[in-house]
Ligand code: ADP
Ligand code: ZN
C-alpha cells in the first residue's frame, strides 16, 4: 500500500500527465511495489492498466527504469503516447539513426529519461549491460512477461534469456506484467525471472466492458455483415480459421462497401506491416485475419471482434476477443458457432499431431482444450461467468448484463426430445456409417444418387423431417452432437478410414425415452442494448463525437502517429459530453493532462464551440466544479512549498517534512535544495551528516555542480543524487553568486 504522501504524489502525476483522477484496483499495490523496488508480478487483463504501474514509479522516484517489450511497433507507440503526455521516455532499437541514438545516450547520462524501452535481445547484449550498469539502473519492467513461459500462448526464446537479468543486476528489482491468467504460467514467470519475495498481484480477469455473444452460424457472410452494421466506420477484427477464408470474407465485405483488408501469415512481411500500419492509423476499419494477427496491434478503440470460426481453445478466444475495447469502452465480441468447426479442428489436430510426430498425450490435451471451447460455445450460461470460472476465478455477479444469455437474447429452450429421437433413429437405421450431409438428405427425404445407392429412400426415417429446411436439419444435428448425444467415429471402408456420425449410450437413452432433450429455439435473435453500452454513451453528442474523430485523424496524420496517441475514444466521448469551450475547462476531461491541454486546447475548444453553436448545444457541462478543484490544488502546491520552507527554517528533516506536507521525499529534497539556495543557511548538518559533507564537498568543488553525474561517479555512487543536490546547493552558495545555475543534475 502507498503511504499517504506517496498516494498524493501519484494522484498529482496522474492528473498532470494523463488527465485521470484515480487509480484502478491493484494499480496502487503495483505502484507501491515499484516505488519500494520490490520484485513483483502483476496479472491484469488486457486494458486493465498495466502500463501505468511501471510508468509512475520512476517518475516519482526520479530514476530511469528499463522496460523490456517484445515488439518494436509496441515500444514506439508507447513512447509516442508517453511523449505526447509530456512524459520523458525513449526506445532503443535497430532502426534508429546515429543522431537519435546519440540524443538518447545524452539524455540518459543527464538523467532526463524516466523510461527506456528495449527489446530483450538488445538488453542482453554485452555493451548494453555495461551501459546500464554505468547508469546505475535499478529497476526493470518486463512487459508481456508470459513470453518467458513455454506454457503461455506466445513463448519467445529471446525472452527465456531474461533469466540472466538477475545475474547481471543482482541488486535491481524486476517487475513482470502479463494478462495471462493461468497459474502454471504465473509460477513459471516467477521461476524463470528468478524473482525473490515477489509481490504477486492478480487482478480480476473479467472484462466487464465486453459484450459477449455466441450466435449459431448458418449464413456466415450475412451474419458477419449484420454484426458489423452495428459498428459502422469503427474498428473491427474478424478472425477466420483459414487463410483462404480471410480472403473470401474480406472480398465479400469490400463488395458490400466495408473498408476492409485481410491479414495472414502467408503474406510477406512488408504487406503485413503495411496492413497493420494502415489499421493503426485508421486508414482501414476492418481487418479479416487468422490468429497471426495479434500482438502488435495496439489500437485501443477496437469496437468489435467477430470469430467467424471456432478458436481451438478458450485461451485463444480470451486473447483474441480481448483485443476489443482496450480503452475500457463498450465493445462487442461475437462468436459465430457451428459444430462443424469442432470436427474440422478435430481432424486438423489429429493430422498435425501425426505429421509432427507428437505423442498421444499432446493430442489428447489439445482435444481437451477444444472440448472446453466447444462447451463454452454450446453452453447457455452467462458468458462472463463461464470465462472467469474457466480461468479459475469466482464470478460474483448473478447476471453480467453484458452477454447474450443475461440479456435474454437466447430464445427460450424447447423440449426437442421427439426431434432428437428422429435424428438418432436415422443414424441407427443408416447403421452409423454416414456423415452429416447424407443424414440431412435422408431426413429431408431427398432423392439423391447416394440415397438410392444405399436404398435409404425405403427407410422409415426417409423424409421424417421433410417439413424443415435442410439448413435447419443440419443445425439440429449439430445441436444434438454438441449435447453429446451423438459422436464422431472413424470407420474403415475399402481400406480407408472415414469419420462418420455414430451413436453412444446417451443416444440409446434418448431413443428409449429415458432422457429428455432440450434445445435452443432456432430463428434469428433480437439484440438487446447492454448497460455498458448505454452508460458509456450517456450524455454524449454523437455528432460532435464524430466531428472530433475527424479532427483527431487529421492531427494524427500531421504528426505521423497513430490516432490513439493523440486521444483515446474515452477522451473524445468525454469531450462530446462536457463540451468545454474554454481551455481552462479542459482539465476536467478524462485523459487530458497538462501537456495535451497546452498542445491541443485551442483547436479543441474552437471546434467544440463552433459545433455547439450550430447545433444549439449546452457547453461547459459540469466542468466548473473540476476547474475550481484544480485551482485549489495549484495554490496547494505553493502552500506546500511554503510550509516546507517554514519547517526547514526550524531544522525539520526531510522525512518529517515529507510526512507533514504529503509529498515524496525526493520532491522535498528538491524543495530543500531550493531553500538552501534562496535562504543560504550557514549550516546544513541537520539534513546531511558531516562525514558525507566532508567527502562530497571537495569532489563537487572540483567537478562542478552544474551536472552532478561526474561527482556521483567519482564518489562511486555512494552518495545519492538527492543528497548531492543538497550539498551542491550549499557549495554554490559559498562558491559563486550565480544561484541560477543550481537546480540538479540535468
Ligand atoms: P494494459 O497494458 O493492461 O492492456 P493499458 O495500460 O494500455 O492496459 O491501459 C488500458 C487503458 O486504460 C488505457 O487507455 C489507459 O490510458 C487507461 N487507464 C489505465 N489506468 C487508468 C486509470 N487509473 N484511470 C483511467 N484510465 C486508465
Ligand atoms: Zn452474462
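Numbering (the working numbering), first residue to last: 387 to 1132.
Ideal Cβ placement from N, Cα and C applies to all residues, glycine included.
All values reported here derive from a predicted model rather than from experimental measurement.
Please go through the stretch 772-830 and give each complete alpha helix (DSSP H) segment of 4 or more residues, from N-terminal end onward. 803-815, 822-830
Proximity winner among 941, 1073, 635, relative to residue 1036 (alpha-carbon distances): 1073
Thinking residue 528 and residue 446 are a contact (beta carbons under 8 Å), I'd like their distance in whole angstroms, please. The Cβ separation is near 20 Å, so there is no contact.
Please specify which runs of the alpha helix (DSSP H), each continuous and at least 4 residues long, are wholly inside the stretch 387-440, giving them in chain order. 390-399, 413-422
Can you tell me which of the three DSSP states residue 848 falls into? coil
Where residue 451 falls: helix, strand or coil (DSSP): strand
Does at least one heavy atom of the ligand ADP sit under 7 Å from the Cβ of residue 437? yes
Whether or not the stretch 712-720 and the stretch 645-662 are in contact is what I'm after, with contact meaning three or more pairs of Cβ atoms, one per stretch, closer than 8 Å; do they touch? no
According to DSSP, residues forming a beta bridge with residue 458: Residue 458 pairs with nothing; no bridge assigned.
CA-to-CA distance, residue 479 to residue 544, given in whole angstroms: 15 Å
Say the cut is 7 Å; is the CB of residue 448 nearer than that to a heavy atom of the ligand ADP? no
According to DSSP, what are the bridge partners of residue 576? Paired residues: none, contrary to the question.
Within 10 Å of its beta-carbon, does residue 754 have 16 or more other beta-carbons around it, so buried, or fewer, so exposed? exposed
So does the stretch 684-700 actually touch the stretch 761-780, counting three or more Cβ pairs closer than 8 Å? yes
Are there 16 or more other CB atoms within 10 angstroms of the CB of residue 488, so buried, or fewer, so exposed? exposed
With C-beta atoms as the reference, is residue 906 less than 8 Å away from residue 801? no
Which runs of the beta strand (DSSP E) at least 3 residues long sit entirely within the stretch 507-531? Give them in chain order. 525-528
I need the DSSP call for residue 1104, collapsed to helix, strand or coil. coil
To the nearest angstrom, how far is it from the Cα of residue 493 to the Cα of residue 477? 12 Å
Are the stretch 1005-1014 and the stretch 968-983 touching, with three or more C-beta to C-beta distances below 8 Å? yes
In terms of alpha-carbon separation, which member of 824, 803, 830 lies closest to residue 900? 803
Report, in whole angstroms, the separation of the C-beta atoms of residue 524 and residue 558, which I expect to be a contact under 8 Å. 5 Å
So, under 8 Å CB-CB, residue 650 and residue 629 are touching, yes? Tell me the CB distance rounded to an integer number of Å. 4 Å
Just curious, the alpha helix (DSSP H) that residue 1052 is in, first and last residue? 1051-1065
Nearest CA to the CA of residue 1146: which residue from 546, 1115, 871, 733? Outside the displayed range of the chain (387 to 1132) lies residue 1146, so it cannot be described from this structure.
Take residue 584 and list the residues in its own chain whose beta-carbon comes closer than 7 Å to its own, dropping the five residues that flank it on each side. 425, 426, 427, 576
When the Cβ atoms of the stretch 823-831 are set against those of the stretch 846-864, are three or more pairs found closer than 8 Å? yes
Quick check for students: name the residue ranges of the beta strand (DSSP E) that lie wholly in the stretch 534-621, counting only runs of 3 or more. 559-564, 585-588, 596-602
Anyone know if the C-beta pair for residue 443 and residue 421 falls short of 8 Å? yes
Whole angstroms are fine: how far does the CA of residue 1062 sit from the CA of residue 1094? 17 Å
Can you look up residue 1068 in the DSSP assignment and give me helix, strand or coil? coil
Through-space distance from residue 721 to residue 599, alpha-carbon basis: 6 Å
How many Å lie between residue 1115 and residue 392 at the Cα? 25 Å
Spatial neighbours of residue 613 within its chain, please: CB distance less than 6 Å, with the 5 preceding and 5 following residues excluded, ordered by chain position. 692, 720
Residue range of the alpha helix (DSSP H) that residue 864 falls in? 856-868
Cβ-Cβ distance between residue 694 and residue 626 below 8 Å: yes
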